[in-house]
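The structure under discussion appears below in the form of structure tokens.
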Amino acid sequence: MSKTDVVVRHARTADVRAIRELVQPLAERRVLVSKDAVAYFEGIQEFRVAEIDGVVVGCGAVHVMWEDLAEIRTLAVGADHLGLGVGSVLLETLLDDARALGVERIFCLTFETDFFERHGFSEIEGQAVDPEVYTELLRSYDEGVAEFLDLERVKPNTLGNSRMLRQL
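Numbering (our numbering), first residue to last: 2 to 169.
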């Protein structure tokens, strides 16, 4: 298999089952956050899927948080396809999507720091937004935004992953 065998496309509602199947073992290991099916349907327009021979083998999403900031979410590759470049192809496509949306910085919460460092991300501490934007983001009900802001209310649910950022 080569990277050219991987086809990345926009996700469709029919892909939600496959996305959930990719995420489930990672959620069980507390690597990714488990979500209800409705959350995937509500955010399907943010997702891309990677296919090999018509089978979904990876997924990921770009979630815009602010004018210049987005998050890579739910980046997952099936265990049978790890180490084949699927995650890299997916991530590069998601970064292109973020650029097309006008985003200048992209954020992720991850245990896979080496992978994201190879793609130009750096670990951060403290806030990645100015105080005015921080105040606006506090109004979000999104738990991913709360974790990005390092809010105490999500501390019991935090997976213990690293916060990373990349300039686009």
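Don't be surprised by glycine CBs; every beta carbon is placed ideally from N, CA and C.
Computed from a prediction, not measured in an experiment: that's the story for all the values here.
Residue pairing by DSSP places residue 66 opposite no residue, since no beta bridge is assigned to it.
Distances from the alpha-carbon of residue 39 to those of 20, 57, 32, 33 put 20 closest. CA-CA distance, residue 32 to residue 46, rounds to 23 Å. Scanning the stretch 81-121 for uninterrupted beta strand (DSSP E) segments of 3 residues or longer gives 106-111, listed from N- to C-terminal end.
Residue 52 sits in a strand when the DSSP states are folded into three classes. The beta carbon of residue 23 sits closer than 6 Å to those of 60, 77, 79, all from its chain and outside the five residues before and after it, given in chain order.
Residue pairing from DSSP leaves residue 22 without any beta-bridge partner.
Exclusion of the five residues before and after residue 70 leaves 106 as the residues of its chain whose Cβ lies within less than 6 Å of its Cβ. Taking all protein chains in view, the Cβ of residue 42 is surrounded by fewer than 16 other Cβ atoms within 10 Å, so the residue is classified as exposed.
Taking all protein chains in view, the Cβ of residue 15 is surrounded by fewer than 16 other Cβ atoms within 10 Å, so the residue is classified as exposed. When the alpha-carbon of residue 81 is set against those of 17, 26, 118, the nearest one is in 26.
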